[in-house]
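Asker:
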Amino acid sequence: MFGKDRMKRWTMKRFLCFSIGTASIIYAILLILVSIVMLTHMSHYNTTFFMIISTFNFICAMLIFFSVSHKNAFTAYIAYNIVVINYMVEAIEFLICLYNTTTAHSVQWYYNNFYWQRSVTLNYNMYYGIMEMVIHFFMFLIAYFVIQLVWSFYRILQVGGNIFSFQRAEEIEHILHGSNYYSYGTVANYK
Numbered sequence: 265m266f267g268k269d270r271m272k273r274w275t276m277k278r279f280l281c282f283s284i285g286t287a288s289i290i291y292a293i294l295l296i297l298v299s300i301v302m303l304t305h306m307s308h309y310n311t312t313f314f315m316i317i318s319t320f321n322f323i324c325a326m327l328i329f330f331s332v333s334h335k336n337a338f339t340a341y342i343a344y345n346i347v348v349i350n351y352m353v354e355a356i357e358f359l360i361c362l363y364n365t366t367t368a369h370s371v372q373w374y375y376n377n378f379y380w381q382r383s384v385t386l387n388y389n390m391y392y393g394i395m396e397m398v399i400h401f402f403m404f405l406i407a408y409f410v411i412q413l414v415w416s417f418y419r420i421l422q423v424g425g426n427i428f429s430f431q432r433a434e435e436i437e438h439i440l441h442g443s444n445y446y447s448y449g450t451v452a453n454y455k
């Protein structure tokens with residue numbers, strides 16, 4: 265009914281370059297690996313936040329594997345929304361880690377040869393803080409990937425579908441809409 269040549273795209277492309285199922289499996293494996301790293305290299309500043317983050321990551325990875333095996337878009341949408349909430353907890357942990365890393369030194373003054381001299385000693389908390397910030401920074405880099413997945417599952421649920429396969433969200437929408445399909449975020453150009 266509406267050809268792609270008559271469509272005017274007013275937003276960016278909101279689907280992944282590969283299938284939703286593949287992207288979900290890759291991200292679930294990444295969540296499990298990050299959970300293991302977080303549990304084995306526990307935070308020296310706030311262990312509670314690291315335990316919460318790693319537990320939520322593991323639960324979300326299991327929900328994602330469950331949704332891929334049953335091809336249930338609703339479960340995946342819930343799992344990815346929990347991941348977004350987990351990113352908020354991770355941002356708090358990142359700020360605590362940044363504050364503690366910048367204050368992880370001690371200044372000592374001593375009197376030597378008739379002069380006061382200052383000695384700054386760094387402790388191991390600075391090393392652990394930098395290592396933790398690298399993990400957080402890596403997770404923030406893939407946040408855009410997570411937002412694309414959340415948006416893809418939202419699009420599938422919006423058109424009334426609850427199942428997904430190893431296709432892009434736009435292809436699944438096209439199948440569900442049939443001949444009345446037009447891409448979300450596009451406006452028909454009426455002349």
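Numbering (the working numbering), first residue to last: 265 to 455.
Positions of the beta carbon are idealized from the N, C-alpha and C atoms, including for glycine.
Can you tell me the Cα-Cα spacing of residue 289 and residue 397, whole angstroms?
Answerer: As a first step, residue 289 must be located in the sequence shown, where it is residue number 25. As a first step, residue 397 must be located in the sequence shown, where it is residue number 133. Computed Cα separation, rounded: 25 Å.
Asker: Determine the DSSP secondary structure at residue 345, reduced to helix, strand or coil.
Answerer: Working through the sequence shown from its first residue, we reach residue 345 at position 81. If DSSP states are grouped into helix, strand and coil, residue 345 belongs with the helices.
Asker: For residue 293, count the other beta carbons within 10 Å of its own beta carbon; 16 or more makes it buried, fewer makes it exposed. Which is it?
Answerer: Taking the sequence shown and counting its residues from 1, the one referred to as residue 293 is at position 29. Residue 293 counts as exposed, since fewer than 16 other beta carbons sit within 10 angstroms of its beta carbon.
Asker: Within the present structure, is the beta-carbon of residue 291 separated from the nearest heavy atom of the ligand ZN by less than 7 Å?
Answerer: As for the ligand ZN, it is missing from this structure, which has no ligand bound.
Asker: For a quick check, are the C-beta atoms of residue 255 and residue 414 less than 8 Å apart?
Answerer: A query on residue 255 cannot be resolved here, the shown segment of the chain reaching from 265 to 455 and no further.
Asker: Per DSSP, which residues does residue 379 bridge with? Please list them.
Answerer: Locating residue 379 in the sequence shown gives position 115, where the first residue counts as 1. DSSP lists 376 as partners of residue 379.
Asker: Roughly how many whole angstroms lie between the Cα atoms of residue 363 and residue 323?
Answerer: What you label residue 363 is simply residue 99 of the sequence shown in a count that begins at 1. What you label residue 323 is simply residue 59 of the sequence shown in a count that begins at 1. Taking the straight line from one Cα to the other gives about 29 Å.
Asker: For residue 417, which option in 407, 394, 341, 354 has the closest C-alpha, if you only look at C-alpha atoms?
Answerer: Within the sequence shown, numbered from 1, the residue matching residue 417 stands at position 153. Among 407, 394, 341, 354, the Cα nearest to that of residue 417 belongs to 341.
Asker: Judging by CA-CA distance, which residue of 408, 336, 295 is the nearest neighbour of residue 317?
Answerer: If you number the sequence shown from 1, residue 317 lands on position 53. Out of 408, 336, 295, 295 has the C-alpha closest to the C-alpha of residue 317.
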